[in-house]
Each structure stands twice: as structure tokens, then as C-alpha cells.
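Heads up: the sequence lines are chains Z and R, in that order.
For what it's worth, the numbering used here labels the leading residue of the first sequence as 2, then goes sequentially.
For what it's worth, the numbering used here labels the leading residue of the second sequence as 2, then goes sequentially.
Note that CB positions come from ideal geometry on N, CA and C, so glycine has one too.
For clarity, every value in this text was computed on a predicted model and none was experimentally measured.
The structure appears right after this line, and notes come after that.
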Amino acid sequence: EAAVTQSPRNKVTVTGGNVTLSCRQTNSHNYMYWYRQDTGHGLRLIHYSYGAGNLQIGDVPDGYKATRTTQEDFFLLLELASPSQTSLYFCASSGGVRAEQFFGPGTRLTVL
Amino acid sequence: SQLAEENSWALSVHEGESVTVNCSYKTSITALQWYRQKSGKGPAQLILIRSNEREKRNGRLRATLDTSSQSSSLSITATRCEDTAVYFCATDASSGSWQLIFGSGTQLTVMP
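Take a look at the structure:
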């Protein structure tokens with residue numbers, strides 16, 4: 002079965018702090034995604050990638066960087082965290098465009 | 002802008018009853034996906050229905066797609082308490098960006 006893991010599961014930081022969220026998939030999928038989930042907004046795409054070294058901008062990229070170091074690993078970086086980035090973050094992977102996406106368990110980030 | 006949107010914020014039924022979640026979307030699509038998210042978990046796909054399909058079944062789940070009215074429904078029969086979750090529809094656009102756009106979700110509560 003497809004497996005996507007995320008770490009940490011919970012993170013608290015202060016305004017202006019640096020945060021790195023990690024995601025690893027063992028599905029051999031080319032595509033990986035970072036979403037944020039907020040009440041009333043559903044899932045919104047931040048960044049995605051279709052392979053190691055590739056990065057594409059999603060719908061809400063401001064304040065976020067991402068890096069895909071290998072086919073398995075995708076990182077989301079918040080270099081100057083702000084309270085507006087308090088959210089639940091999900092990583093997902095898929096085998097192709099428009100295909101089923103497999104989600105990780107999520108990381109709850111709080112920026113004080 | 003929201004490509005897809007569920008038509009109810011919340012629904013509640015008693016165990017054993019049937020329930021339908023509706024979704025409307027705004028553009029031509031290649032497929033529509035239904036996802037379920039249980040509390041504390043990431044979303045998981047239930048059904049993918051392509052634009053040339055009118056109905057798709059998966060056990061107690063039945064999805065319909067009406068491309069003329071740009072709407073879809075997900076019906077669950079013989080509901081169980083474990084069906085309690087948020088249900089999302091997600092669509093892609095048949096032209097332009099292929100990324101999935103998720104609706105805000107419908108919270109379904111199945112009561113004993």
C-alpha cells in the first residue's frame with residue numbers, strides 16, 4: 002500500500018522563526034505536493050514537484066519555499082514564519098497527472 | 002477561485018440510513034474524485050469518475066457525474082458510525098492547469 006510519512010507531526014514556532022517540514026513517500030511516485038488545510042478553505046496547493054530537483058508553484062506559494070532532493074523526499078521551508086501560516090499541512094504523492102493522490106498524516110504548525 | 006464546491010457544510014444521519022453529498026464545479030473537467038478525511042488523518046480517495054462516465058460504484062458508495070449541469074453526487078448506503086468524516090470532491094480542468102482543486106468539504110456525522 003502507498004505510504005507517505007511526514008515529520009514532525011506537530012510544531013510550534015515563533016513569528017520570524019525557521020521551520021522545515023519533511024515528507025517522504027515510498028510509492029515510487031513522480032509527483033509530490035504540499036497543501037495547507039484551513040477551516041472554510043479546504044485543501045490549497047502550495048508547491049508541487051514532478052521529480053527530483055523540480056519545483057512548481059501552486060495556488061498559495063507566498064512565504065513558502067520547497068525543495069525536492071530525491072524522488073522520495075520533499076521539504077517545505079518557512080524561513081520567516083508568520084501567524085498566518087498557522088495551519089495543518091499535508092504532503093501527498095501521485096503516480097501521474099490527475100491521478101489519485103496519497104496523503105500523509107499531516108503536520109500541525111502553530112506560529113505564535 | 003474554487004473549481005469545485007460541496008453543497009452542504011454538514012450533514013447528519015443515523016446509522017443504517019442513506020445519505021448523499023453533492024458537489025458542483027465550474028469548468029470542463031477530465032475527471033472528478035471523491036475523498037474522505039477522517040479525524041486526525043489525511044484524505045483518502047474513495048472514487049474517481051471520469052468525464053465520460055455517469056456512475057461509479059465502490060461497495061456502499063455510488064458516485065454520479067452530470068457534465069451538463071456540472072455536478073456530482075456521492076451516495077452512501079447503510080451508513081455506519083465509521084463513515085463519520087469530511088467528504089471532499091476534487092476536480093481538474095480539462096485545459097490549462099491540471100492540478101486538483103479540492104472543495105471545502107462536507108462534514109458527515111453518522112449517529113448510533
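Restricting attention to Z:G97, Z:T40, Z:M33, the CA atom closest to the CA of T70 of chain Z is found in Z:M33.
Distance from the Cα of C92 of chain Z is smallest, within the candidate group Z:F104, Z:A82, Z:K12, Z:L113, for Z:F104. Taking a Cβ-Cβ cut-off of 7 Å, F75 of chain Z has no neighbours in chain R, whose nearest Cβ is about 14 Å from it. In this structure, G17 of chain R places its C-beta atom within 8 Å of the C-beta atom of A79 of chain R. For N28 of chain Z against A4 of chain Z, the beta-carbon gap comes to about 7 Å, under 8 Å, which counts as contact. For D63 of chain Z, there is no enclosing beta strand (DSSP E), as DSSP gives it neither H nor E.
For E54 of chain R and L113 of chain Z, the gap between their C-alpha atoms comes out near 48 Å. The shortest CA-to-CA distance from G41 of chain R to any of Z:V98, Z:R25, Z:G96, Z:Y90 is the one to Z:Y90. Around the beta-carbon of D93 of chain R, 16 or more other beta-carbon atoms lie within 10 Å, marking it buried.
Within chain R, no residue has its CB atom less than 9 Å from the CB of H30 of chain Z, the nearest being about 14 Å off. Relative to L49 of chain R, the option among Z:A100, Z:L110, Z:I58, Z:H42 whose CA is nearest is Z:A100. Rounded to whole angstroms, K27 of chain R and C90 of chain R show a C-alpha spacing of 13 Å.
One alpha carbon belongs to T111 of chain Z, the other to S69 of chain R, and they sit about 43 Å apart.
Within the region 12 to 51 of chain R, no complete alpha helix (DSSP H) segment of 4 residues or longer occurs. Of the other Cβ atoms in all chains shown, fewer than 16 fall within 10 Å of the Cβ of K39 of chain R; this residue is therefore exposed. A Cβ of chain Z is located within less than 8 Å of the beta carbon of G106 of chain R. Excluding five sequence positions before and after L12 of chain R, the CB atoms of its chain that fall closer than 8 Å to its own CB belong to V20, V22, T107, Q108, L109, T110, given in chain order. The beta carbons of H48 of chain Z and G59 of chain Z sit closer together than 8 Å.
Only those residues of the region 38 to 70 of chain Z whose C-beta falls short of 9 Å from the nearest C-beta of chain R are listed: Q38, T40, G41, H42, G43, L44, R45, L46, Y49, Q57, G59, D60. Residues of chain R with a Cβ closer than 8 Å to the Cβ of Q26 of chain Z do not exist; the shortest Cβ-Cβ separation is about 12 Å. Around the beta carbon of G60 of chain R, fewer than 16 other beta carbons sit within 10 angstroms, so the residue counts as exposed. In the three-state reduction of the DSSP assignment, Q38 of chain Z falls in the strand class, which pools E and B.
When Z:E73, Z:G17, Z:K12 are compared, the shortest CA-CA separation from N55 of chain Z is found for Z:E73.
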